[in-house]
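Per my numbering, the very first residue in the sequence shown carries number 13; after that it's consecutive.
In this text, a Cβ means the ideal position worked out from N, Cα and C, and glycines have one as well.
Have a look at the structure below before the remarks.
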Amino acid sequence: MEQNNSSDLLLVIDMQNVYTKGQEWACKGIEHASASILRLLNSQKTKQVIFTQYLATEHPDGVWKEYNKVNAAVNSDPWLNEMMPEFLPWVKTYPVFTKSVYSSFAIPEVVKAAKKARHLVISGVVAECCVLSTVLSAIDAGCKVIYLTDAVAGLSEVSRKETENIISYFAPLHTVLMTTEEYLLSDTPKSHLCYKVSGH
């Protein structure tokens with residue numbers, strides 16, 4: 013796998029209005045995750061940044077047909093699908109790619125950029141859906157993943173923590189878990205966890 017050892021890629025997953033407080037898919041702690049992501053963006057530590065946005069396709073496959081039927085009200089509301097206001101200035105600077113499934117690796121441009129990056133830095137929502145699916149896809153693609161624990165939000169604190177635990181099982185070979193502060197202070201991130209992959 014070709015890699016550019018000088019640059020990390022920050023992936024900001026689906027920070028859209030529907031996940032904000034009071035909305036149908038509201039994520040617990042999204043304000044904190046948003047603040048952490050903005051801190052990263054303002055620091056300019058990662059020169060490469062990609063935003064993703066979930067938008068339902070008109071021609072879904074399989075179970076996604078039922079998924080889109082159940083969530084038709086959300087899918088048809090333009091405001092709910094827009095990026096959160098604090099990120100609107102940033103999506104004028106960095107690319108936004110849309111997807112109609114959980115994993116951001118369904119987007120060819122994300123796969124290409126992630127494979128060239130030194131590390132894939134993960135942030136966004138929803139921890140137990142799109143974020144987890146993206147991390148597992150990245151691992152299978154051979155990417156080294158940095159998972160920022162305070163830059164991710166889930167539908168509940170319990171599910172967010174459970175997702176974090178699952179991802180920790182792939183450390184230190186495939187994943188590194190750390191806070192935004194730890195990432196900003198570290199030139200060569202090292203996992204503070206001892207979990208190792210013992211087999212498959």
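Unbroken alpha helix (DSSP H) runs of no fewer than 4 residues, entirely contained in the segment 113-194, are found at 120-128, 144-152 and 169-180, following chain order.
Under the Cβ criterion (8 Å, minimum of three pairs), the segment 18-30 counts as touching the segment 52-66. By the beta-carbon neighbour count (other beta carbons within 10 angstroms, threshold 16), G154 is exposed. Taking the CA atoms as reference points, A85 sits about 37 Å from Y181. By the 16-neighbour rule on beta-carbons within 10 angstroms, Q56 is exposed. Taken in chain order, the complete alpha helix (DSSP H) segments of 4 residues or longer contained in the segment 79-111 are 84-87 and 90-93. Assignment of beta-bridge partners to Q65 by DSSP yields T110. Rounded to whole angstroms, the separation of the alpha carbons of C39 and P97 is 16 Å. The segment 130-138 makes no contact with the segment 75-92: fewer than 3 CB pairs, one atom from each, lie closer than 8 Å. The alpha-carbon separation between A165 and Y106 amounts to approximately 22 Å. C-alpha of V103 to C-alpha of I25: approximately 12 Å in a straight line.
For the pair F117 and V123, the CB atoms are nearer than the 8 Å cut-off. Within its own chain, the residues whose Cβ lies closer than 7 Å to the Cβ of A150, once the five positions on either side in sequence are excluded, are F117, A126, L132 and V157, listed in chain order.
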